[in-house]
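Single-structure report; data block below.
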Amino acid sequence: MANVVPWLLSMCLLGLQEIAIQSGSNALSRGLETTGQKNVPSGFRSSLRNYKILISGHDELPGHINCDSPKLEENLLERLPTTPVYSTHSYGSTPDSSEYFSRHLEKRLRSRPPARNLLRTDAHSVNQLESHGFNYDPGRGHIEDDYVGPAMELVYAWSTIDYTYDSIEARDSAIYDGDFVAENNLPLGLEIWRDKVFITLPKWKEGIPVTLATVPKPSKTKSPKLRPYPDWRWHQPGNCDGLTSVFRIQVDECDRVWVLDSGKVDVARGAKSACPPAIFIFDLATDTLVRKYTIPSDQVKEDSLYTNIVVDIRNGDCDSAIAYASDVFRYGLLVYDFLDDSSFRIQHHLFYPDPLASKYELHGLKFQWTDGIFGIALSPVDIHDDRTLFFHPMSSFREFAVSTSILRDKRTADENTEYFMPIGRPRAKDYGHSSGSVIDRNGVMFFNMVTRDSVWCWDTRKEYIPQNLGVVGTSNLSLVFPNDIKVDHDHDQNVWTISNRLAMYLYGSIDSSKVNYRVFKANAREAVKDTVCDPNYVVPGSEHGYDEIC
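Taking mature numbering (1 follows the signal peptide of the UniProt record, and there is no 0), I'd label the letters of the sequence shown as residues -23 to -1, 1 to 527.
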């Protein structure tokens, strides 16, 4: 289907069982919201103590089941358990909601049409699309490249990356020597602080002279040149006292930027270890180094790749910060204590990839990744004076969680492995790969769906099931492989995301005559207002309209 819909609304608002649009071989996002009523919460209540998870045998369907087959659905109905089994220490369903699920499923399966309805274009649906900012025309066949939804605005866009060299001669010399190959420079991570937007550029290939840079906010142009951070002296090849290859960073509430340096170069061709992985902490007011912490060798596996970091600070105590860093290739979590200047590594089977979710298909490209723990996000402090670390492997369709009280020392983490747990249900039956995730002050998670060209949301007070997930923006033109996502520190927070066509960069080709890299932002509150992700929004149990099997 050639039509491209830039933004998908909720399933139940449109009266759809499913919405999916394909461009080539890529399936776009499906809207997943339901109607509801408002309720003003008294405070953030997301805590591992407040959830249960359904652990009965029909938690996930076997991969061979075809959800378009009525006969198979009837067989599935016969296998539904009559008495659900629960764990008292996990996330998920309550008995009431599970009983509803069984009743609702039976009703849905007996009335469901034999074929999947991919897109309704009746008058009611079109009116709903237009009223929510789609301006949808099923016969139009194209959209504006930079439109991804009514809440999101384009901030930056580049065809290729360039830098603020000290002189024209210095730039020409770098090009001549092969130190700067414009098409090899791929922006991947971002972070925001006051009048700066940070951009990371890992050393995927040769010809990448800078691994951490900034652009001004606001900018006079949408394609500004990147300024090396802190300056050029920190970006000297082979100098392990400087920066080597940075994937993601985190700005804390104490005006410091935590830079997780993987130490790996030529990552696209096997990842060579140029320097030990390290955490650099800079004072943003002075752009000077506060501390460098080299990760001990016994916490680094042979092929480790540390790529993501989040920082936990309580009550403004900057000296008691705890950082969590994920090792995507060797499936570990590093816990670093700033006060003690020490760290330890945690291993857990939930950090591993799901072999059934390791196949990727994106815009005609098919590849396999066995990426483990990737997205990590911290909840606000809850009513138990604790925070929850949500995490997921890249090659997985599930979200997981653990209380940070379990992570504070290695012995507690090693002796309480049962407190690492899956939450709810898979976010999608297929193409549910998520990269980065972040949680705002109101407890709303925003996360990138890389194989669906979209940004989704979830109110962490609600059960993690598809009907409680919303879509903030989507486009198979300008949100191709949304990679990193952050919320800023403004009083009225914004959510920022960067898309970079990573799969094309690695396995296909990048057309330097077209825009390839984009940064979008949306007001976090407005992006979820009156949707299932709104903390003031309650999903009535009697009005669920999502097909939980497919």
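Using N, Cα and C, we set each Cβ at its ideal position, and we do this for glycine too.
Asked, Found
"DSSP state of Arg210 mapped onto helix, strand, coil", "helix"
"Which of helix, strand or coil DSSP assigns to Asp507", "coil"
"Sequence-distant residues of the same chain with beta carbon closer than 6 Å to Val132, five excluded per side", "Val496 and Lys498"
"Touch test, the stretch 485 to 496 against the stretch 397 to 410, Cβ-Cβ under 8 Å, three pairs minimum", "no"
"Contained alpha helix (DSSP H) runs [length at least 4] in the stretch 203 to 274, N- to C-terminal order", "none"
"Rounded straight-line distance, which links the Cα of Asp511 to that of Asp218", "45 Å"
"Chain C within 7 Å of Ser452, Cβ atoms only", "The displayed structure is made up of one protein chain only, and chain C is not part of it."
"Alpha-carbon to alpha-carbon, Gly126 and Val448", "9 Å"
"Whole-Å CB distance - Lys202 paired with Thr137, under 8 Å assumed", "Going by Cβ atoms, the distance from Lys202 to Thr137 rounds to 11 Å, so no, they are not a contact pair."
"Meets three-Cβ-pair contact criterion under 8 Å: the stretch 245 to 254 and the stretch 191 to 206", "no"
"Boundaries of the beta strand (DSSP E) in which Thr381 is found, first to last residue", "Looking at the DSSP string, Thr381 is not in any beta strand (DSSP E); the run it does join, the alpha helix (DSSP H), is Thr381 to Leu384."
"Extent of the continuous alpha helix (DSSP H) run through Thr389", "Lys387 to Glu392"
"Helix, strand or coil at Asp304 [DSSP, three-state]", "strand"
"C-beta contact flag for Asp465 and Leu167 at 7 Å", "no"
"Residues bridged to Glu168 (per DSSP)", "Phe175"
"Every unbroken beta strand (DSSP E) within the stretch 459 to 512, with a cutoff of 3 residues, ordered by chain", "459 to 464, 471 to 476 and 494 to 500"
"Straight-line gap, Ala300 to Ile185 (C-alpha atoms, nearest Å)", "28 Å"
"Meets three-Cβ-pair contact criterion under 8 Å: the stretch 167 to 183 and the stretch 238 to 248", "yes"
"Exposure of Ala302, with buried meaning 16 or more beta-carbon neighbours within 10 Å", "buried"
"Beta-carbon proximity check, Leu266 vs Ser297, cutoff 7 Å", "no"
"Beta-carbon proximity of Gln324 to Ile286, cut-off 7 Å", "no"
"Continuous beta strand (DSSP E) stretch holding Ala134: start and end", "Met129 to Trp135"
"Same chain, Cβ closer than 7 Å to residue 535, neighbours up to 5 away in sequence not counted", "The chain is shown only over -23 to 527; residue 535 falls outside these bounds and no answer can be derived."
"7 Å Cβ cutoff met for Asp417 and Gln345", "no"
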